[in-house]
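A.B. asks: Structure below; questions to follow.
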DNA sequence: AGTCTTTTTCACGATTCTGAACGAAATTTA
DNA sequence: TAAATTTCGTTCAGAATCGTGAAAAAGACT
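Protein chains in written order, with my numbering: chain A, 1 to 226; chain B, 227 to 452.
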């Protein structure tokens, strides 16, 4: 289970990290909201622990942006020093899923994190996002980004990339591609695959440093980071 | 707001009752699970405060029966002396919505009760109202507004929009739409879907800045803000 | 009958797909 | 090493498909 903790007080942060790690969780720390948000773009987390009081952008704002901007449904547990009703209600309005008033016992935190994860698992079976290196493919929105930049693909190009991303670091033959992307299972003497790989490369690798689709002469292609 | 408190320790019970009443709530006490369950059959409550340790039937069992037997979705706040993880996870499994470890400050209880009520109200509300960006769909009144302005739709148009709003930010294929809105599950070579999307666009996007229904060539359509 | 809603059809333009052609690169053969 | 062969990358133009809007036809309801 991956947890992102956004908390500026370093001793509190490392206290939480240590405790959660002792319970078998993988914990990433962010000491401010912006860092947290960019981490969320890079990787998927199961639960976010978010302090309300943060430098610059406060926790509510961060929470709001997680929902509205990043469109993530990852459950958020808010940590708050102020346990007044109004403040908390505000938290829920911004899309927090639970809150915990400081100071708290670690057991409390642990239980809540587990409960949030549990609740979430039941609701959303899978977040349909494929990732490879800095390429991200949202299978619901059929949207692809590389290093955060949107890359518009036609449907055939998209399907081809999806096949690559479902078989990363693995040489794929032209036949396999034809079968799985074009639905053809006989060799029509065509080079469509070559052409489309070329299209993909143009869209996916131009303006970027690293090449990701490499050809393996006589065998096919492979999606590999450098 | 009606609260049912199921708690056998009379001094704790009356302490809670008094406090909640001071905050304008109507509180009913039950000193054991059976009494609580029968009260729930007679009247509707907004929130249930339930002690885990009760004579005869324990709190988890009561919670379980509230969900499985009475089929009530009334939010349950569990009071527990044991804040160990396992016990609490068990509580959530039985359908509790939140918990509070004894001893607690009254403020904590109050906040949680309010939060539960609030969450519940929102859920019930959103059961009949769908929102996306500035579009609001009242499913009881079958009425749609955008930016507060009413938009009159025919029933087919309404059903189509409803399907979109239930699958926001997700590419929907023509087939899916045909199946779910027209109830056809074979490909009659028609472009009704295209036509109706077009109707929706006319009614929903003319006179407004932002387009919300976008076509994804070769794949279908997507309801997406901007 | 008359209005409103729904379905179907059509045509144009835009996008996407595909095969062919050819040079470049890699591999094999001589 | 050089030549021959195979494989690959790229470009391009025609073909096929798809999206859109309008308009006509069919159906439902009053």
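The C-beta atom is built at its ideal place from N, Cα and C for all residues, glycine as well. On a predicted model such as this, the values are computed, not experimentally measured, just so you know.
(1) Select from A:216, A:17 and A:76 the residue whose C-alpha is nearest the C-alpha of residue 60 (chain A).
(2) If you run the structure through DSSP and keep just helix, strand and coil, what is residue 352 (chain B)?
(3) DSSP has residue 28 (chain A) in a bridge; who is on the other side?
(4) Just tell me which of B:387, B:293 and B:361 has its CA closest to the CA of residue 375 (chain B).
(5) Rounded to whole angstroms, what's the CA-CA distance from residue 263 (chain B) to residue 326 (chain B)? Just pull it up for me.
(6) Checking 9 Å against the spacing of the C-beta atoms, do residue 223 (chain A) and residue 167 (chain A) come in under that value?
(7) I need the DSSP call for residue 446 (chain B), collapsed to helix, strand or coil.
(8) If we cut at 9 Å on Cβ distances, does residue 445 (chain B) have a partner in chain A?
(9) Between residue 302 (chain B) and chain A, is the shortest Cβ-Cβ distance under 9 Å, so that the two count as touching?
(10) Compare the Cα-Cα distances from residue 133 (chain A) to each of A:177, A:225 and A:3 and report the closest residue.
(11) For residue 104 (chain A) and residue 324 (chain B), what's the separation of their Cα atoms in angstroms?
(12) Nearest-angstrom Cα distance between residue 24 (chain A) and residue 30 (chain A)?
(13) Answer yes or no: does any C-beta atom of chain A fall closer than 9 Å to that of residue 448 (chain B)?
(14) For residue 65 (chain A), does the count of other Cβ atoms within 10 angstroms reach 16, so buried, or fall short, so exposed?
(15) If you drop the 5 nearest sequence neighbours on each side, which residues of the same chain put their C-beta closer than 8 Å to that of residue 110 (chain A)?
(16) Against chain A, which members of the stretch 373 to 391 of chain B pass a CB distance test of less than 9 Å?
(17) Using the Cβ count rule (16 or more neighbours within 10 Å means buried), how would you classify residue 17 (chain A)?
(18) Let's test the definition: count the other Cβ atoms within 10 Å of the Cβ of residue 204 (chain A) and tell me whether it reaches 16, buried, or not, exposed.
(19) Counting C-beta neighbours from all protein chains within 10 Å, is the total for residue 252 (chain B) 16 or more, i.e. buried, or is it exposed?
(20) Quickly, what does DSSP pair residue 239 (chain B) with across the bridge? List them, please.
(21) Within its chain, find whatever has a CB closer than 8 Å to the CB of residue 343 (chain B); leave out the 5 residues flanking it on each side and keep chain order.
(22) Look at the alpha carbon of residue 57 (chain A) and the alpha carbon of residue 44 (chain A), and state the distance between them as a whole number of angstroms.
(23) My output table needs one value for residue 48 (chain A): the three-state DSSP class, helix, strand or coil.
(24) If you draw a straight line from the C-alpha of residue 267 (chain B) to the C-alpha of residue 299 (chain B), how long is it?
(25) Between residue 397 (chain B) and residue 142 (chain A), how many whole angstroms is the CB-CB distance? I'm expecting something under 8 Å.
(26) Looking only at its chain, what residues have a beta carbon closer than 8 Å to the beta carbon of residue 183 (chain A), apart from the 5 residues adjacent to it on each side?
(27) Beta-carbon of residue 105 (chain A) versus every beta-carbon of chain B: anything under 9 Å?
(28) Beta carbons nearer than 7 Å to chain A: which residues of the stretch 242 to 265 of chain B have them?
(29) Using the beta-carbon of each residue, which ones in chain A are nearer than 7 Å to residue 236 (chain B)?
(30) Expressed to the nearest angstrom, what Euclidean distance is found between the alpha-carbon atoms of residue 237 (chain B) and residue 278 (chain B)?
(31) By the criterion of Cβ-Cβ separation under 7 Å, what are the contact partners of residue 396 (chain B) in chain A?
(32) Contact criterion: CB-CB distance below 9 Å. Does residue 324 (chain B) meet it with respect to chain A?
(33) Below 8 Å on the Cβ atoms is my contact criterion, and I expect residue 50 (chain A) with residue 62 (chain A) to pass it. Report the Cβ-Cβ distance as a whole number of Å.
(34) Name the chain A residues that come within less than 8 Å of residue 355 (chain B), Cβ to Cβ?
(35) With residue 157 (chain A) and residue 199 (chain A) assumed to form a contact (beta carbons below 8 Å), what rounded beta-carbon distance in angstroms separates them?
(36) I need the DSSP call for residue 66 (chain A), collapsed to helix, strand or coil.
C.D. replies: With the given structure in hand:
(1) Just measuring C-alpha positions, the residue of A:216, A:17 and A:76 sitting nearest residue 60 (chain A) is A:76.
(2) Any answer about residue 352 (chain B) is weak, because its pLDDT of 47 lies below 50 and its placement is not dependable; what the coordinates show is given next. It is helical.
(3) Residue pairing by DSSP puts residue 28 (chain A) in a beta bridge opposite A:4.
(4) Minimum Cα-Cα distance from residue 375 (chain B) among the listed residues B:387, B:293 and B:361 corresponds to B:361.
(5) One C-alpha to the other measures close to 21 Å.
(6) Yes. Within cutoff.
(7) Assignment of residue 446 (chain B) by DSSP, reduced to helix, strand and coil, places it in the strand class.
(8) It does; some Cβ of chain A falls within 9 Å.
(9) It does not; no Cβ of chain A falls within 9 Å.
(10) For residue 133 (chain A), the nearest C-alpha among the options comes from A:225.
(11) Between residue 104 (chain A) and residue 324 (chain B), the C-alpha separation is close to 16 Å.
(12) Distance from the CA atom of residue 24 (chain A) to the CA atom of residue 30 (chain A), rounded to whole angstroms, is 19 Å.
(13) So, interface residue.
(14) So residue 65 (chain A) counts as buried.
(15) When the five nearest sequence neighbours on each side are left out, the beta carbons in the same chain lying within less than 8 Å of the beta carbon of residue 110 (chain A) are those of 19, 20 and 23, in order along the chain.
(16) Within the stretch 373 to 391 of chain B, not one residue has a Cβ closer than 9 Å to any Cβ of chain A.
(17) Buried is the call here.
(18) Counting Cβ neighbours within 10 Å, residue 204 (chain A) comes out buried, since at least 16 surround it.
(19) Per the 10 Å Cβ criterion, exposed.
(20) Residue 239 (chain B) has no beta-bridge partner at all, per DSSP.
(21) So the qualifying residues of the chain are 227, 272, 273 and 301.
(22) Each residue's alpha carbon lies about 22 Å from the other.
(23) Strand, per DSSP.
(24) Cα-Cα distance, rounded: 13 Å.
(25) So it is a contact: roughly 4 Å between Cβ atoms.
(26) For residue 183 (chain A), where only same-chain residues beyond five positions count, there are no Cβ hits under 8 Å.
(27) Yes - at least one Cβ of chain B is within 9 Å of the one on residue 105 (chain A).
(28) Hits within the stretch: zero.
(29) Here the premise fails: no neighbours, minimum Cβ distance about 27 Å.
(30) Near 16 Å, if we compare the C-alpha coordinates of residue 278 (chain B) and residue 237 (chain B).
(31) Simply 140 and 141.
(32) Residue 324 (chain B) counts as touching chain A.
(33) The Cβ separation is near 6 Å, so the contact holds.
(34) When 8 Å is used as the limit between beta carbons, residue 355 (chain B) is near no residue of chain A, the shortest such separation being about 16 Å.
(35) That pair is a contact at about 6 Å.
(36) Per DSSP, reduced to three states, the secondary structure at residue 66 (chain A) is helical.
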